[in-house]
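Engineer: Protein chains in written order, with my numbering: chain A, 3 to 411; chain B, 3 to 411. By construction, the Cβ of each residue, glycine as well, lies at the ideal position given by its N, Cα and C atoms. Attaching a single structure in structure tokens format; questions to follow.
Number of protein chains: 2
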Amino acid sequence: MDMFTVKKRQDVLSLLDETFHNKKIETETVDLLSSVGRIICEDLHSRENVPAFRRSTVDGYAVRSKDTVGCSDALPAFLNIAGETRMGEGTDLTLNSFEAIYVPTGGIVPSGADAVVMIEYTEKFDDDIAISRPVSQRENIVGIGDDVTENEAVISKHTQLKTQHVGALAALGISNVSVYKKPKVAILSTGDELVDVNSELSIGKIRDVNAYSLNSMLNVMGCEIIMQARIKDDFEKIKETLEKATSQCDIVLISGGSSVGNKDMTPEIINALGDPGVLVHGIAIKPGKPTIVAKVRDTAVFGLPGHPASCIISYKSVVEPFIKYTLLKSQEKERFIKAKSGFQMHVSSGRDVFYMVSLDDSGDEYVAHPVHGKSGMISLLSKSDGFIEIPMEKEGLQIGEEVRVQLFR
Amino acid sequence: MDMFTVKKRQDVLSLLDETFHNKKIETETVDLLSSVGRIICEDLHSRENVPAFRRSTVDGYAVRSKDTVGCSDALPAFLNIAGETRMGEGTDLTLNSFEAIYVPTGGIVPSGADAVVMIEYTEKFDDDIAISRPVSQRENIVGIGDDVTENEAVISKHTQLKTQHVGALAALGISNVSVYKKPKVAILSTGDELVDVNSELSIGKIRDVNAYSLNSMLNVMGCEIIMQARIKDDFEKIKETLEKATSQCDIVLISGGSSVGNKDMTPEIINALGDPGVLVHGIAIKPGKPTIVAKVRDTAVFGLPGHPASCIISYKSVVEPFIKYTLLKSQEKERFIKAKSGFQMHVSSGRDVFYMVSLDDSGDEYVAHPVHGKSGMISLLSKSDGFIEIPMEKEGLQIGEEVRVQLFR
């Protein structure tokens, strides 16, 4: 494979999908309260009708609607109070003609009744109530299965569960759900210059920023980081660690060492572990061009650029969609914040260009401002809210043009 | 206090802010990798210059720029190679006139040099290199402190940390951060009709959905649920549990029992625990009107409606802003997804009306569709992506009008 035969990002994502769509991610059962953010691996069906009994939506009196026909303030309908049902209890009561039975909101509507009159339209006289407004059939009643019928699919396979789903599932008595296991990831940082984040910096050293960025992004994505290592630029050591990582993980991320420079061993090392090895070296994105995509055993291996902002863009634009759509088969599209561009730029790079932006929402609409500065790597990271993409077909961006901002989380 | 003197939502949030703005939330130090989603309680300053040494942004040769003036392909500048610096190492080398020193990307630029020539514009001849393109002063060099200077505030107090901040802080060697402790919350569900989510439903019973919805929303918000109880409609039992909860928690949520009905004991019980007790009973929101806001000891107590969708809206529109802005002092505005309304409606309720919607993004723009159905509580929860607000000043919504969707998470 040629070095730096740059591929379009969409083609890379398709290739990843073709290569790994059969890769099996195991499933597990988790408690409903731990399920937020997880992706379910089967359709969830209701085992019952909801509601399971006819339920009143108001505090009032269950009646036969025909007994209220024509009543008014001037000419109320008088019905005999035949009892009451209670919240949380069944009832043996049956309603007969010209009877009314008190029902609380959410309470069971006794058989024989076909409507509930709101208490506001009744007045009590000893054993009778006077009703001043007629009700129609089924008024203020939710029927059996009106919300969900037995066996109905309530949430479909491959949905990423959100908080509101938790409520729906709790209502159905589904307290455990089958989800895809968290993909297992190794993060390998390579480079003689890298030191631990806790280290004081001696000259020439830089801290291993990408280990932290990647770890936190993967965590938020729902992955499990089972291996994290920092390795000197040593062919054998990297090879050995990569071999171990690929035997244990679904995904291995190698950060650093992917530009064509002095110490560019990553593709060689990957290929040394056997076929097919490197699938792509160079993606038409900016930043992030020197990204490597590879397959070792059944593991997806990504070589990410060492520059922290490039590493993040490469991860967000290639690795994250792969995890979300190919591995976990999510059906959910990315949601973007629409904003006006607060800046103008010309690009004609033949690449998808990503720009980190900050969002200003002081006015009626969001405005996206570029975050930059001379190699302002930390400023880039600390001041941006997200990023925009200018696809390669576009020649640039006008001030005021609509852009879609993908927020960092 | 009058029952159901309905207050505007903005006034309720202001009242909460006045009442609780002095409430102290403790702080704690957490590891950087556990900090995503937490809100920092102090400005974070850089303890050092970044970069701490002059760094090359390219692979190439450090030179004096004046030695390259006027050079070209036809007339290259020849400089003597005086050594190399290595990635991750300092250097004792000093560059003299008409010398060049090899520097890798990210490597230290030796003293005496004021620019780096990219390797692409050089050709090596034994001990010399020929340079075919002139460089200007500081070209391809990031100076000391160019990114961040010592003592500069990098991330300001009250920022909710996101994944990109983790990278910035790692770069600065900040591996622990001071954050507000997770607010402690109790969730009390009241109602004779409530049963555990795992229970089979006998007639008249419903599962305790709100316990699950609230728990998951609070978790995502960064709260710690330290107490969760389901209590029958029994004045003394509720009072006893509420007393215990308010002595241990920053926030107590009571779900159910807040409509003016048969068993509406919540406000009475709250007031029985002492002044000031109930501050608000009834908020001009739909759904969610019967929401109670109270103060017991130094604890914020909320009575939320029992209907699961109303409970969620009440929580999202009142409790969540209180936690985020009053307690945790977040500076971050809510980010909305802008969409076109796919429906038309007239409202003139004198309330802020909330509508659960699903988002369609099959075309160029997002379209928000209403999710409803006859008391379709579970459908409401399972099919919606978020909600929109129609503020009380507005009389309705036109098809195609822009709406702001707050996504469920």
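What residues from chain B crowd round A:Asp128, counting only those whose CB sits closer than 8 Å?
Structural biologist: The sequence position of residue 128 of chain A within the first sequence is 126, counting from 1. Correct list: empty, because the minimum Cβ distance to chain B is about 19 Å.
Engineer: Taking the alpha helix (DSSP H) that B:Glu270 belongs to, which residues open and close that run?
Structural biologist: Locating residue 270 of chain B in the second sequence gives position 268, where the first residue counts as 1. Counting along the chain, the alpha helix (DSSP H) containing B:Glu270 begins and ends at 268-274.
Engineer: Using a C-beta cutoff of 8 Å, does A:Thr268 count as contacting chain B?
Structural biologist: Start at 1 with the first residue of the first sequence, and residue 268 of chain A comes out as number 266. No, no contact with chain B.
Engineer: For B:Arg411, which residues in chain A fall below 7 Å Cβ to Cβ?
Structural biologist: Translated into positions along the second sequence, residue 411 of chain B becomes position 409. Here the neighbours are Lys164, Thr165.
Engineer: For B:Leu203, report the span of its beta strand (DSSP E) as first-last.
Structural biologist: On the second sequence, residue 203 of chain B is found 201 positions in, with the first residue counted as 1. Segment: none, B:Leu203 is in no beta strand (DSSP E) and carries neither H nor E.
Engineer: For A:Ile294, which residues in chain B fall below 8 Å Cβ to Cβ?
Structural biologist: Position 292 of the first sequence, counted from the first residue, corresponds to residue 294 of chain A. Near A:Ile294 there are no residues of chain B at all, since even the closest Cβ is about 17 Å away, more than 8 Å.
Engineer: Please classify B:Glu101: does DSSP put it in a helix, a strand, or coil?
Structural biologist: As a working mapping, residue 101 of chain B is identified with position 99 in the second sequence. Correct three-state label for B:Glu101: strand.
Engineer: Of the residues that make up the segment 86-102 of chain A, which ones have a beta carbon closer than 9 Å to any beta carbon in chain B?
Structural biologist: The segment 86-102 of chain A vs chain B, Cβ under 9 Å: Thr87, Arg88, Met89, Gly90, Glu91, Gly92, Thr93.
Engineer: Can you pull the chain A neighbours of B:Lys340, defined as C-beta to C-beta under 7 Å?
Structural biologist: In the second sequence, counting from the first residue as 1, residue 340 of chain B sits at position 338. Within 7 Å Cβ-Cβ: Lys340.
Engineer: So, for A:Ile146: in the same chain, excluding its five sequence neighbours on each side, which residues have a beta-carbon less than 7 Å away from its beta-carbon?
Structural biologist: Working through the first sequence from its first residue, we reach residue 146 of chain A at position 144. Closer than 7 Å at Cβ, skipping near neighbours: Asn51, Pro53, Ala54, Phe55, Arg56.
Engineer: Apart from the five residues on each side of it in sequence, which residues of its chain come closer than 8 Å, Cβ to Cβ, to A:Asp61?
Structural biologist: Taking the first residue of the first sequence as 1, we reach residue 61 of chain A at position 59. Excluding positions up to five away in sequence, the list reads Val105, Pro106, Thr107, Met120, Ile121.
Engineer: From this set, A:Ala370, A:Pro292, A:Gln250, A:His283, which residue's C-alpha is nearest A:Leu399's C-alpha?
Structural biologist: The residue labelled residue 399 of chain A in the question sits at position 397 within the first sequence. Nearest option by C-alpha distance: A:Ala370.
Engineer: Looking only at DSSP bridge pairs, what is B:Met358 linked to?
Structural biologist: Translated into positions along the second sequence, residue 358 of chain B becomes position 356. DSSP output for B:Met358 lists B:Phe389 as bridge partner(s).
Engineer: What three-state label does DSSP hand A:Ser260 in the structure shown?
Structural biologist: Counted from its first residue, the first sequence places residue 260 of chain A at position 258. Residue placement at A:Ser260 is flagged as unreliable, the pLDDT there being 49, under the threshold of 50; the coordinate-derived value follows with that caveat. Looking at A:Ser260 - three-state DSSP - the assignment turns out to be coil, as it is neither helix nor strand.
Engineer: Would a check of beta-carbon distances place B:Tyr214 closer than 8 Å to chain A?
Structural biologist: To locate residue 214 of chain B, count along the second sequence from 1; it is residue 212. Cβ-Cβ to chain A under 8 Å: yes for B:Tyr214.
Engineer: Out of curiosity, what's the CA-to-CA distance linking B:Gly365 and A:Gly388?
Structural biologist: Position 363 of the second sequence, counting from 1, holds the residue named residue 365 of chain B. Position 386 of the first sequence, counting from 1, holds the residue named residue 388 of chain A. Roughly 23 Å between the two C-alpha positions.
Engineer: Can you give me the Cβ contacts of B:Asp45 inside the same chain, cut-off strictly under 7 Å, excluding the 5 residues immediately before and after it?
Structural biologist: To locate residue 45 of chain B, count along the second sequence from 1; it is residue 43. Answer for B:Asp45: Ala155, Ser158, Lys159, listed in chain order.
Engineer: Would the C-beta of A:Met347 count as close to the ligand MG, meaning under 7 Å from any of its heavy atoms?
Structural biologist: You won't find the ligand MG in this model; it holds no ligand whatsoever.
Engineer: Please go through the same chain and pick out, in chain order, the residues whose beta-carbon is closer than 7 Å to the beta-carbon of A:Asn142, but skip the five residues on each side of it.
Structural biologist: For the purposes of this step, residue 142 of chain A is identified with residue 140 of the first sequence, where counting begins at 1. Closer than 7 Å at the Cβ level, and outside the excluded window around A:Asn142, lie Ser58, Thr59, Val60, Gly62, Ala117, Val118, Met120.
Engineer: Buried or exposed: where does A:Pro112 fall if 16 or more other Cβ atoms within 10 Å of its Cβ makes it buried?
Structural biologist: Start at 1 with the first residue of the first sequence, and residue 112 of chain A comes out as number 110. So A:Pro112 ends up on the buried side.
Engineer: Starting from the beta carbon of A:Ser386, find every residue of chain B whose beta carbon is closer than 8 Å, and list them in chain order.
Structural biologist: As a first step, residue 386 of chain A must be located in the first sequence, where it is residue number 384. Neighbours of A:Ser386 on chain B, chain order: Gln166.
Engineer: Please name the residues in the segment 108-125 of chain A whose beta-carbon is closer than 8 Å to at least one beta-carbon of chain B, in chain order.
Structural biologist: Within the segment 108-125 of chain A, the qualifying residues are Gly108, Gly109, Ile110.
Engineer: With distances taken Cα to Cα, identify the nearest neighbour of B:Gly305 among B:Asp277, B:Leu163, B:Ile392, B:Thr268.
Structural biologist: Residue numbering aside, residue 305 of chain B sits at position 303 when the second sequence is read from its first letter. It is B:Thr268 whose Cα lies nearest to the Cα of B:Gly305.
Engineer: Give the DSSP-derived three-state secondary structure of A:Ala115 in the structure shown.
Structural biologist: Taking the first residue of the first sequence as position 1, residue 115 of chain A is located at position 113. It is coil, neither helix nor strand.
Engineer: By a C-beta neighbour count over all protein chains shown, 10 Å radius and 16 as the cutoff for buried, is B:Lys68 buried or exposed?
Structural biologist: Along the second sequence, one-based indexing puts residue 68 of chain B at 66. Exposed, because fewer than 16 other Cβ atoms sit within 10 Å of the Cβ of B:Lys68.
Engineer: So which residues of chain B does A:Gly193 contact, with C-beta pairs closer than 9 Å?
Structural biologist: Position 191 of the first sequence, counted from the start, is the residue given in the question as residue 193 of chain A. By Cβ distance, chain B contributes Met89, Gly90, Gly108.
Engineer: If distances are taken between C-alpha atoms only, which option among B:Leu171, B:Val405, B:Gly308 comes closest to B:Leu216?
Structural biologist: Along the second sequence, one-based indexing puts residue 216 of chain B at 214. Of B:Leu171, B:Val405, B:Gly308, the residue nearest in Cα terms is B:Gly308.
Engineer: By the three-class DSSP mapping on this structure, what secondary structure does B:Phe345 have?
Structural biologist: Counted from its first residue, the second sequence places residue 345 of chain B at position 343. Coil at B:Phe345, not helix or strand.
Engineer: Against chain B, does A:Ala172 count as a neighbour if the rule is that its beta carbon must be under 8 Å from one of theirs?
Structural biologist: Counting from one through the first sequence, the residue named residue 172 of chain A turns up at place 170. Taking Cβ atoms only, chain B reaches closer than 8 Å to A:Ala172, which makes this a yes.
Engineer: When we look at the beta-carbon of B:Ser316 and count the other beta-carbons within 10 Å, is it buried (16 or more) or exposed?
Structural biologist: Start at 1 with the first residue of the second sequence, and residue 316 of chain B comes out as number 314. Classification of B:Ser316: buried, given that the 10 Å Cβ count is 16 or more.
Engineer: Considering only their Cβ atoms, is the gap separating A:Arg209 from B:Ala172 smaller than 8 Å?
Structural biologist: Residue mapping note: residue 172 of chain B aligns to position 170 of the second sequence, counting from 1. Residue mapping note: residue 209 of chain A aligns to position 207 of the first sequence, counting from 1. Their beta carbons are under 8 Å apart, which means B:Ala172 touches A:Arg209 by this criterion.
Engineer: Can you tell me where the beta strand (DSSP E) with B:Asp130 in it begins and where it stops?
Structural biologist: Taking the first residue of the second sequence as 1, we reach residue 130 of chain B at position 128. Where B:Asp130 is concerned, the enclosing beta strand (DSSP E) stretches over 130-133.
Engineer: So, is A:Leu174 buried or exposed, given that buried needs 16 or more other C-beta atoms within 10 angstroms?
Structural biologist: For the purposes of this step, residue 174 of chain A is taken as residue 172 along the first sequence, with counting starting at 1. With 16 or more other Cβ atoms within 10 Å, it is buried.
Engineer: Closest to A:Glu391 by C-alpha separation, out of A:Met379, A:Arg406, A:Leu382, A:Leu383, would be which residue?
Structural biologist: The count along the first sequence starts at 1 and reaches residue 391 of chain A at position 389. The option with the nearest alpha carbon to A:Glu391 is A:Arg406.
Engineer: When you compare only the Cα positions, how much space is there between B:Val373 and A:Glu20?
Structural biologist: As a position in the second sequence, residue 373 of chain B is number 371, starting the count at 1. As a position in the first sequence, residue 20 of chain A is number 18, starting the count at 1. Each residue's Cα considered, the two are about 36 Å apart.
Engineer: At the level of alpha carbons, what is the spacing between A:Val280 and B:Val359?
Structural biologist: Residue mapping note: residue 280 of chain A aligns to position 278 of the first sequence, counting from 1. Residue mapping note: residue 359 of chain B aligns to position 357 of the second sequence, counting from 1. Each residue's Cα considered, the two are about 44 Å apart.
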